[in-house]
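What follows is a short report on a single structure.
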Amino acid sequence: VNNENSTKPHSEKSTKEIYKERALVWYKRSAEQGNVESIIRIGDYYYYGWGIPVNFAKSVERYRDAGDRAHPQALFNLGYM
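Laid out in structure tokens, this is it:
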């Protein structure tokens with residue numbers, strides 16, 4: 359997976375990092391189709407910086423989107439932040 363936000367060359371990444379980047383692609387595709395669990399997971403990626411730089415503003419956007427759909431985990435995450 360070629361991720362323009364990544365700082366390490368592919369050969370220096372751990373298997374776990376590569377899997378997280380690949381999963382993010384699928385979470386984004388699923389979120390585009392309205393899957394709330396995927397929207398929350400993308401928020402987690404931004405919050406923890408899994409394969410992408412940490413970005414709390416984008417994390418909040420994702421959690422709010424899922425929170426607007428009354429998802430309890432999203433509402434908890436927003437309250438925690």
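According to our numbering, the sequence shown is numbered sequentially starting from 359. By construction, the Cβ of each residue, glycine as well, lies at the ideal position given by its N, Cα and C atoms. Since this is a predicted model, take the numbers as computed values, not measurements.
Next item on the list: Using beta-carbon positions only, say whether residue 398 and residue 424 come within less than 8 Å of one another.
Entry: Locating residue 398 in the sequence shown gives position 40, counting from the first residue. Locating residue 424 in the sequence shown gives position 66, counting from the first residue. Contact: yes.
Next item on the list: Could you tell me if residue 404 is buried or exposed, where buried requires 16 or more neighbouring beta carbons within 10 angstroms of its beta carbon?
Entry: Position 46 of the sequence shown, counting from 1, holds the residue named residue 404. Residue 404 comes out buried.
Next item on the list: Let me know the secondary structure DSSP gives residue 425 once reduced to three states.
Entry: Here residue 425 refers to the residue found at position 67 of the sequence shown. Helix at residue 425.
Margin query: Please classify residue 435 as buried or exposed, where buried requires at least 16 other C-beta atoms within 10 Å of its C-beta.
Written below: On the sequence shown, position 77 is the one that residue 435 refers to. Buried.
Checklist line | Euclidean distance between Cα positions of residue 400 and residue 372 | finding: Against the sequence shown, residue 400 aligns to sequence position 42. Against the sequence shown, residue 372 aligns to sequence position 14. Rounded to the nearest angstrom, the two C-alpha atoms are 20 Å apart.
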